[in-house]
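Written out as structure tokens, the structure is:
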């Protein structure tokens, strides 16, 4: 998995200074945060459902091999085929082979983060197959040659004007020359183009929000209905998804389907929920004659049995992104991973290695709001802390910080040294202050004063003053 | 502060774990906390070997140092029946995280659990043991800022608000987004200053929009961040620890 997380600090700074992005990010609060709160409040059982969903996913992960086999057996019995991909390369090769077998020249795709993870589109293009994203957001970023900045709202970073410009630039070849400014007109134009592409596609590729072991179904939720057209019109349907998407039963799936949209967009239910269960049957009027499920590992099974196993419960609702004060201020691209925000801060290092992704689990104030809203109660801050522990053990923590931590541990271990340090620090801070305030500090302190002032201590340390006043110790 | 003790009965002892940040940066918060604990009917002891709870190391991945700092703190606080901490974040460290640092078979696990059980954040302690305002307050419009650890780890939401409402003349105001982090985040604020600074700016804008003249909170980390940002931006809103308002020591500090 390709990541570009090394330049996180620079990208975050640029994002903070990008007025268009900042304006776009304001939609998160109303569109997602408030909507989720309202939806959750409307459902008295919401908290109990979260507990149940956590337990379902934990149980599934604990017995994953069994459920995967059950799923494969059911898909096979239906006449479909399950393919196992150890990594991104294998997954891409499997998809390409199926496409070639189908003689495919164009492939329609509904939104799938796993195909973003394995970078399927550039690979298909290199091999002469044109992928066409059919989710409106994904369609827009495909035109713009960008990556999604949010796992459920890929164009959250864009303004309406930017989308208008993008359509105006790319749509003349379809006979649309006018620059549209009304949202519904823009949607209508994109839809009319996509309709043509749907009809002509040779293969349809979807992701899956859930896989149901007992039925062999792949379940996809959308608000645009594009997954249904992607899966049903071409003769071949390929589902590409991760091994952790399994749930044992349809009933478990229904529980998840009640939680997912409420957590994601605050909807009680999405406009479309599709169950894809094997290829077209004899009596079916439409549907693919060839049905494939590509199950990707790509580092997931390595998380099992580790302190990151609970991350495999994730149902990709995006609630942790929406409620993260860091994500809300810098957007998704700064993270340099298709999985941004808190879930990405845990998942990306698991998939791509902590060496290249060190900023991700560190760029959190540990405010805990992500864990508070996670529908399957993943302890995200705790797992970010585990990544920080791994970094510290492997000496990946920046040297200055390491020294500081060592020094602080030594100081705190000895009350005498601690008191001397507090006394010195107090004196120095009061000395450099002007009228009780400090405007500039050197070294690590400059990071503080780059943003804000510091009020100097009013006097000696509390413990020293307490002792002097004869307080009980 | 008028004494509330009943001379017939010896008072119970409460240890004040003052936290390194209060100790160094805001000694007046330590005194305010001590006077409040006393007013609640306890004898305040400040265990003299206390230093830092270890949270900076713990949250930075230095688990070994965090464990030995926890071990020290557990020993230092072992003799006391009550431990009071004027910080949601340090109290959360002791109550929630200390027990996770030791194997359940380890004797220290039991000790960590015992310390966790008897440790309380200041406003939780005061709300439980009773608090009567003893100082008349100049009429003040106060916004309350929830610190993340206190709010989410310890469920501190109503206690400080209920205590503040007892102050005559105080009008309590709510932020539009009380659940959003102020951007302090321990070492986060110096590791990612640009992001932290933006979060602080959002927070101070929210505070200003309430029309408050004072913003009170339960953690000195947030306090340093918010008051520093207010000052940098030329705001005259004063920021304080909730203990300073409750103990009535704020007016003297600002010495107007």
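Chains as they are written, first to last, in the working numbering: chain A, 13 to 485; chain B, 98 to 353. Positions of the beta carbon are idealized from the N, C-alpha and C atoms, including for glycine.
Check, Outcome
"Quick one: Cα of residue 151 of chain A to Cα of residue 258 of chain B, how far?", "49 Å"
"Closer than 8 Å by C-beta to residue 253 of chain A: which residues in its own chain qualify, once you throw out the five before and the five after it? Chain order, please.", "124, 126, 219, 220, 223, 230, 305, 306, 307 and 308"
"Quick one: Cα of residue 121 of chain B to Cα of residue 149 of chain B, how far?", "11 Å"
"To be precise: take each residue of the segment 277-299 of chain B, compare its Cβ to all Cβ atoms of chain A, and keep it if any distance is under 9 Å. Which residues remain?", "277, 278, 279, 280, 281, 282, 283, 284, 285, 286, 287, 288, 289, 290, 291, 292, 293, 294, 295, 296, 297, 298 and 299"
"Which of helix, strand or coil does DSSP assign to residue 284 of chain A?", "strand"
"Skipping 5 residues on each side, what residues in its chain have a beta carbon closer than 6 Å to that of residue 246 of chain B?", "185, 186 and 189"
"For a contact defined as C-beta to C-beta under 7 Å, what are the partners of residue 122 of chain B on chain A?", "469"
"What are the boundary residues of the alpha helix (DSSP H) that residue 223 of chain A is part of?", "Where residue 223 of chain A is concerned, there is no enclosing alpha helix (DSSP H), although the beta strand (DSSP E) it sits in stretches over 222-224."
"Could you pull out every residue in the same chain whose Cβ sits closer than 7 Å to the Cβ of residue 52 of chain A, ignoring the five residues on either side in sequence?", "58 and 274"
"So, for residue 311 of chain B: in the same chain, excluding its five sequence neighbours on each side, which residues have a beta-carbon less than 6 Å away from its beta-carbon?", "237, 239 and 335"
"What's the C-alpha gap between residue 187 of chain A and residue 285 of chain B?", "52 Å"
"How about residue 357 of chain A and residue 347 of chain A: are their beta carbons less than 9 Å apart?", "yes"
"Rounded to whole angstroms, what's the CA-CA distance from residue 38 of chain A to residue 384 of chain A? Just pull it up for me.", "21 Å"
"So what's residue 135 of chain A in DSSP terms, helix, strand or just coil?", "helix"
"Who are the near neighbours of residue 353 of chain B in its chain, counting only those whose CB is closer than 8 Å to its CB and skipping five residues on each side?", "Low local confidence applies: a pLDDT of 32 at residue 353 of chain B is under 50, so the model's placement there is unreliable, with the coordinate-based value given in what follows. Same-chain partners within the cutoff: there are none."
"Mind checking which residues open and close the beta strand (DSSP E) that includes residue 229 of chain A?", "229-234"
"Hey, how far is the Cα of residue 41 of chain A from the Cα of residue 201 of chain A?", "29 Å"
"Can you tell me which residues form a DSSP beta bridge with residue 93 of chain A?", "A/304"
"Could you tell me the distance, in whole angstroms, from the CA atom of residue 403 of chain A to the CA atom of residue 374 of chain A?", "10 Å"
"Alpha carbons only, please: which of A/448, A/266 and A/377 is nearest the one belonging to residue 470 of chain A?", "A/448"
"Can you list, in chain order, the residues of its chain whose CB lies under 8 Å from that of residue 330 of chain B, leaving out five sequence neighbours each side?", "298 and 301"
"Given that residue 28 of chain A touches chain D, what residues does it touch there, using C-beta distances under 9 Å?", "As a matter of chain content, chain D is missing from the structure shown, whose protein chains are A and B."
"Chain A partners of residue 157 of chain B, CB-CB under 8 Å?", "400, 404, 409, 413 and 417"
"Just how far apart, CA to CA, sit residue 386 of chain A and residue 479 of chain A?", "47 Å"
"Starting from the beta carbon of residue 160 of chain A, find every residue of chain B whose beta carbon is closer than 7 Å, and list them in chain order.", "Residues of chain B passing the Cβ test: none, with the nearest at roughly 21 Å."
"My guess is that residue 324 of chain A and residue 73 of chain A are in contact by the Cβ rule of under 8 Å, so how many angstroms apart are they, rounded?", "5 Å"
"Provide the residue(s) that pair with residue 446 of chain A in DSSP beta bridges, ordered along the chain.", "A/449"
"Go through the segment 327-351 of chain B residue by residue and report every complete run of the alpha helix (DSSP H) that reaches 4 residues or more, in order.", "339-344 and 347-351"
"So which residues of chain B does residue 447 of chain A contact, with C-beta pairs closer than 8 Å?", "Simply none; closest approach about 11 Å."
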